[in-house]
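Since the structure comes first, as structure tokens, the remarks are kept for the end.
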């Protein structure tokens, strides 16, 4: 079987054209004009021998073949990014780039000092931190955009290696001067977006206690949720490191936690960590162990 003679640029065009909402946005994503994007896609169709887009009026709609090809293109581009990073490190003897993803709580409260110290120890290495919600971080990891992530414990996935780092208790917080009555009177709630893993966990636990989980406002940022509670917009569930820091620390509405979430180190199973990444991961593990020891 003769291999298709396609380029990484053409695969990037395909990914952008399928995933972006408009052709113009797709072209901007890959840094070309819309006409150049059209030419690149046409050439990719010719080389693959399949039609990737159909015209519907002025719109170009991905075919089923395009969506199938997207899976292959995403995986190939992830491999090429990994090869590029490896080559940079091999050429430079430690000069290169690491990309780490974290949820905001991990980056701000748990591992920020670790990353700062690692950068100081490796001045020739570019360390990029990407702060996003857990599901978005996992998407970045699948695409090869980051080397590892720290997120809320994901579902088992053969593509990933999962390593628990830090368990965080989740407590209930009510607006100031709230009289805490029976659980059925608690709320309304301000919470993470509906796709959030933390929200799913807290919703299950609250409903199991007979608490109506009526969400009136959403934010992916714990600091925003904290401020909403302080202003009286609703109740929330957060880890103490987010809710009880000054200024404007919140007070727990109940004695014990409603649940515990696990912050987990996740990397791709098909990748061998580079020496620099392995060193950083060891430092994250050491910091996690220190946090766990302090919480006992």
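Numbering (this note's numbering), first residue to last: 90 to 385.
Don't be surprised by glycine CBs; every beta carbon is placed ideally from N, CA and C.
Going by DSSP in three states, residue i sits in which element: helix, strand or coil?
i           : result
residue 188 : strand
residue 280 : strand
residue 362 : coil
residue 380 : helix
residue 357 : strand
For residue i, count neighbouring C-beta atoms within 10 Å of its own C-beta (all shown protein chains included) and say buried if the count is 16 or more, exposed if not.
i           : result
residue 128 : exposed
residue 189 : buried
residue 205 : exposed
residue 269 : exposed
residue 339 : buried
residue 293 : exposed
residue 138 : exposed
residue 313 : exposed
residue 325 : buried
residue 298 : exposed
residue 222 : buried
residue 90  : exposed
residue 363 : buried
residue 361 : exposed
residue 172 : exposed
Measure the Cβ-Cβ separation of residue i and residue j and say whether it is below 7 Å.
i           : j           : result
residue 239 : residue 380 : no
residue 93  : residue 147 : no
residue 278 : residue 321 : no
residue 346 : residue 327 : no
residue 162 : residue 103 : yes
residue 332 : residue 263 : no
residue 280 : residue 304 : yes
residue 365 : residue 187 : yes
residue 232 : residue 167 : yes
residue 353 : residue 193 : no
residue 356 : residue 237 : yes
residue 110 : residue 116 : no
In the DSSP assignment, the alpha helix (DSSP H) including residue i goes from what residue to what residue?
i           : result
residue 315 : 311-319
At what residues does the beta strand (DSSP E) containing residue i begin and finish?
i           : result
residue 261 : 249-262
residue 235 : Per DSSP, residue 235 belongs to no beta strand (DSSP E) and is neither H nor E.
Alpha helix (DSSP H) segments (min. 4 residues) lying fully within the stretch 321-354 = Here the runs fully enclosed are 329-332.
request  = Pick out the complete beta strand (DSSP E) segments inside the stretch 187-231, 3 residues or longer, and give them in chain order.
outcome  = Entirely contained in the stretch 187-231, the beta strand (DSSP E) runs reaching 3 residues are, in chain order, 214-220.
request  = Can you check the stretch 101-182 for any beta strand (DSSP E) of at least 3 residues that lies completely inside it and give the ranges in chain order?
outcome  = Every unbroken stretch of the beta strand (DSSP E) spanning 3 or more residues and falling wholly within the stretch 101-182 is given here in chain order: 142-145, 148-151.
message = Ignoring anything shorter than 3 residues, give me the beta strand (DSSP E) runs that lie fully in the stretch 282-309, in order along the chain.
response = The qualifying runs are 304-307.
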